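> First, the structure itself, so that you have it in front of you.
2 protein chains.
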Amino acid sequence: MKLKYYEVDEKELLQEAKKGKRIAIKLPNGLSCYACKILSFLKNNGIDAIFLAESCYGACDFIFYDDIDRIICIGEAEMPYLCYKPPVSFIEAKYDFDVKFIEEALPFIEGRKVGIASITPFIHKIEECKKFIEEKGYKAFIGDKSRRTAYNGQILGCDISSATSIANNVDSFLFIGDGFFHPLALYIAVRKPVIVANPIEKKIYSKEIEEMAEKMIKKRYAHIAKATECEKFGIIVTKKIGQRRLQLANRLKKMLERHQKEAFLIFMNDINEAINYFDFDCYVSTACPRVAIDDADRYEKLILTPIEIEILLGERKWENYEFDQIL
Amino acid sequence: MKLKYYEVDEKELLQEAKKGKRIAIKLPNGLSCYACKILSFLKNNGIDAIFLAESCYGACDFIFYDDIDRIICIGEAEMPYLCYKPPVSFIEAKYDFDVKFIEEALPFIEGRKVGIASITPFIHKIEECKKFIEEKGYKAFIGDKSRRTAYNGQILGCDISSATSIANNVDSFLFIGDGFFHPLALYIAVRKPVIVANPIEKKIYSKEIEEMAEKMIKKRYAHIAKATECEKFGIIVTKKIGQRRLQLANRLKKMLERHQKEAFLIFMNDINEAINYFDFDCYVSTACPRVAIDDADRYEKLILTPIEIEILLGERKWENYEFDQIL
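Residue numbers (this note's numbering), protein chains in the order written: chain A, 2 to 328; chain B, 2 to 328.
Written out as structure tokens, the structure reads:
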């Protein structure tokens, strides 16, 4: 079944859907416009499924659901260490492409040793990319997967450990994927050239990543500087099973209180514009690390990451700025 | 403690908060701007509470929460038939006012027999209002509470049975409260004059209710008419404990299918703009009845109530239009 640019294996979908009696499908934003199409397909194959229309920003973004005995999540790869209730079948959506287009990335690669990283709709091609690059005379490395990732070389917005684990062995990184959040996180972590090869656009980005990263770090510093005047901190904790960091939240609360700030935990599953109206001056998100970074402009109030709070309070040096990760 | 125009009993708040070891406060939108103020007050009294920042459109709007052993909900009255987990202490916010202002409503009352209805921040004054009206020579009636309401005479957006139960005995209704949703629902149900006495504005509305109701019904008819072209229906089911109507949803699904429509259940807790992007033509909300009526303009796609679906499919006559209630 073709969904947008992505291919979903119909046989696998039916096979997984037959494992439950009360099945629900869950879809990331980009695929939710095919909900009825997928339900119709299942129905035509004798399976009456439900659409579980909750937020779906990754395999981390699950709570516990009743009245369903299996979830079919289309378009995400499993987070192997999580215990899903009910069980979840992850059916990946794959983007097929000819790896030859990455030839255009080669002139931008510094050194001969290249680390390769990718994300789910493209990761099935990572070995082919490695082979292609090695045929061009480079030595290519793919880092091992972590407990949160399903494939070697796969990185997440909140877990780039597959790439950082090989950073010392390589001169540059090649990121195969779309969007800039992952390569930015990677660049900030490794401070080595990161070249992006976007298989959908068939475009290469190199110096742009460094420029964007520097701009973003400046913006984050500005947010931290603004927060020095804040007195009332709300520490946001989600119950999404792959984003819940209650212990960290309690540690931050104590740290803020030690520095004479008022600090309270806020249990909130999906962070949204409501935070503009609460009487807190500043928030810390212990949920998805992207919220503070990517969505900052959506909010009138400041949202910092846990690492930024440490910098704010002088418990970490400015030069040790890091992207927040859930490892 | 004064919150906006409302008075909250501090002693009651502390007494309830001391009943748990891990307490969270939950607040309706209008009071969420006092979250930190309330948490500070509790903290100064030795109670370190959490802010449970989930949607709070009534005592119906609860799911089950972990890691908390009691919720203090400020500003709503209990729904007695629900089983909350963890237990919830409802601390009402009361609006104090001099009942004499309703004298201005008297010239608009038709007949001598008046039914009185009200909502939570004002309901504590209902007996005083009754007495005042009776002193003016009227015979006043207050309907019994239902399983969903905490007080005689109290109505909800989804349960006006306290008022409808006395409709045959009265000539007019007097509604003590703010907003127009409740009196509109009441007018549509009873088709007798409904006079609104708003204690905050100290204003009286009479003919306006009838006009607004007629306008609203016309708008609903237009929505039903538009939906005749729709083929793909999404039936929204929430897991909020006081709004969950799974059986009704299954009945609507079968009814739609009998009429050759495609129909699927959608599990969605908080209905939001995401529905604009799903590939359904029309939605039915089995959750809070206000969603389809009050929020219609927020959505590009149609949302009907279960009763409107019956009309659409010819299973109910147009002239039997009713407000959706959860009874």
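Glycine included, C-beta positions come from ideal geometry on N, C-alpha and C.
All values reported here derive from a predicted model rather than from experimental measurement.
1) Ordered along the chain, which non-local residues of its own chain (more than five positions away) have a Cβ less than 6 Å from that of Phe65/B?
2) Give me, in chain order, the residues of the same chain whose beta-carbon lies closer than 8 Å to that of Gly112/A; leave out the 5 immediate sequence neighbours on both sides.
3) Just the Cα atoms here: how many angstroms apart are Ala141/B and Ile134/B?
4) For the beta strand (DSSP E) that contains Asn199/A, what are its first and last residues?
5) DSSP state of Phe268/A, grouped into three classes?
6) Compare the C-alpha of Ala275/B against each of Gly235/B, Ser163/B, Lys219/B and name the closest.
7) Using 8 Å as the threshold, is the region 21 to 40 of chain A in touch with the region 98 to 112 of chain A, meaning 3 or more CB pairs across them?
8) By alpha-carbon positions, which one of Glu263/B, Ala214/B, Glu79/B ends up nearest to Ile120/B?
9) Give a yes or no on whether the minimum CB-CB distance between Phe268/B and chain A is below 7 Å.
10) Does DSSP classify Ala293/A as helix, strand or coil?
11) Measuring only the C-alpha atoms, how far is Glu8/B from Asp97/B?
12) Determine, using beta carbons only, whether Cys231/B comes closer than 7 Å to chain C.
13) Determine, for Ala406/A, whether the minimum Cβ-Cβ distance to residues of chain B falls below 7 Å.
14) Kindly indicate if chain A contains any beta-carbon less than 7 Å away from that of Phe54/B.
15) Assuming Cys34/B contacts Asp280/A (C-beta within less than 8 Å), just tell me the rounded distance between them.
16) Helix, strand or coil, according to DSSP, for Tyr35/A in the structure here?
17) With DSSP collapsed to three states, give me the class of Leu187/A.
18) Does Tyr322/A get closer than 7 Å to chain B when you measure Cβ to Cβ?
19) Identify the residues that DSSP records as bridge partners of Ile92/A: which are they?
20) Would you say the region 145 to 154 of chain A touches the region 205 to 217 of chain A, given that touching needs at least three Cβ pairs under 8 Å?
21) With a CB to CB cut of under 7 Å and the five nearest residues on each side skipped, what residues in its chain are close to Leu185/B?
22) For the alpha helix (DSSP H) holding Cys130/B, just list the boundary residues, first then last.
23) Closer than 9 Å by beta-carbon distance: list the chain A residues that pair up with Ser41/B, in chain order.
24) Using a Cβ-Cβ cutoff of less than 7 Å, which residues in the same chain neighbour Pro122/B once the five nearest sequence positions on both sides are dropped?
25) Cβ atoms of Asp271/A and Cys231/A: under 7 Å apart, would you say?
26) Let's test the definition: count the other Cβ atoms within 10 Å of the Cβ of Asn277/B and tell me whether it reaches 16, buried, or not, exposed.
27) Would you mind telling me which residues of chain B sit closer than 8 Å to Leu247/A, beta carbon to beta carbon, in chain order?
28) Taking the alpha helix (DSSP H) that Ser162/A falls in, what are its first and last residues?
29) Any Cβ of chain B within less than 7 Å of the Cβ of Tyr96/A?
30) Got a sec: is the Cβ-Cβ distance from Asp280/B to anything in chain A below 7 Å?
31) To the nearest angstrom, report how far apart Ile26/B and Ala18/B are at their CA atoms.
32) The alpha helix (DSSP H) spanning Tyr222/A covers which residue range?
33) Quick check on DSSP: helix, strand or coil for Leu107/A?
34) Let me know the secondary structure DSSP gives Leu1/A once reduced to three states.
Quick look at the numbers:
1) Apart from the 5 residues on each side of it in sequence, Phe65/B sits with its Cβ closer than 6 Å to the Cβ of Lys86 in its chain, given in chain order.
2) Counting only Cβ-Cβ distances below 8 Å, and skipping sequence neighbours, we find Val171, Asp172, Ser173.
3) C-alpha separation (whole angstroms): 7 Å.
4) 195 to 199 is the span of the beta strand (DSSP E), which, as asked, contains Asn199/A.
5) It is a strand residue.
6) Per the Cα distances, Gly235/B.
7) No, the region 21 to 40 of chain A is not in contact with the region 98 to 112 of chain A.
8) Of Glu263/B, Ala214/B, Glu79/B, the residue nearest in Cα terms is Glu79/B.
9) With 7 Å as the cut-off, Phe268/B counts as an interface residue toward chain A.
10) Three-state result, Ala293/A: helix.
11) One C-alpha to the other measures close to 8 Å.
12) The structure shown has no chain C; the protein chains it does contain are A and B.
13) The displayed coordinates of chain A run from 2 to 328. Any statement about residue 406/A would go beyond what the structure contains.
14) One detail in the question is off: residue 54/B reads as Ala in this sequence, not Phe. Yes, because at least one Cβ of chain A sits closer than 7 Å to the Cβ of Ala54/B.
15) The pair is a contact, with the Cβ atoms about 5 Å apart (cut-off 8 Å).
16) In the structure shown, Tyr35/A falls within a helical segment according to DSSP collapsed to helix, strand and coil.
17) Leu187/A falls in the helix class under three-state DSSP.
18) For Tyr322/A, the answer is no, since every Cβ of chain B falls outside 7 Å of its Cβ.
19) Ile75/A.
20) No, the region 145 to 154 of chain A is not in contact with the region 205 to 217 of chain A.
21) When the five nearest sequence neighbours on each side are left out, the beta carbons in the same chain lying within less than 7 Å of the beta carbon of Leu185/B are those of Ile210, Met213, Ala214, Met217, in order along the chain.
22) 127 to 136 is the span of the alpha helix (DSSP H), which, as asked, contains Cys130/B.
23) Within chain A, Lys233, Glu263, Phe265 have C-beta atoms less than 9 Å from the C-beta of Ser41/B, given in sequence order.
24) Counting only Cβ-Cβ distances below 7 Å, and skipping sequence neighbours, we find Tyr7, Ala94, Lys95, Tyr96.
25) Contact: no.
26) With fewer than 16 Cβ atoms within 10 Å of its Cβ, Asn277/B is classed as exposed.
27) Near Leu247/A (Cβ distances below 8 Å), the residues of chain B are Asp68.
28) 162 to 165 is the span of the alpha helix (DSSP H), which, as asked, contains Ser162/A.
29) With its beta carbon at least 7 Å from every one in chain B, Tyr96/A lies outside the interface.
30) Look at Asp280/B: its C-beta is under 7 Å from a C-beta on chain A.
31) Near 9 Å, if we compare the C-alpha coordinates of Ala18/B and Ile26/B.
32) For Tyr222/A, the enclosing alpha helix (DSSP H) begins and ends at 208 to 228.
33) If DSSP states are grouped into helix, strand and coil, Leu107/A belongs with the helices.
34) Any answer about residue 1/A is impossible in this case: the structure gives chain A only from 2 up to 328.
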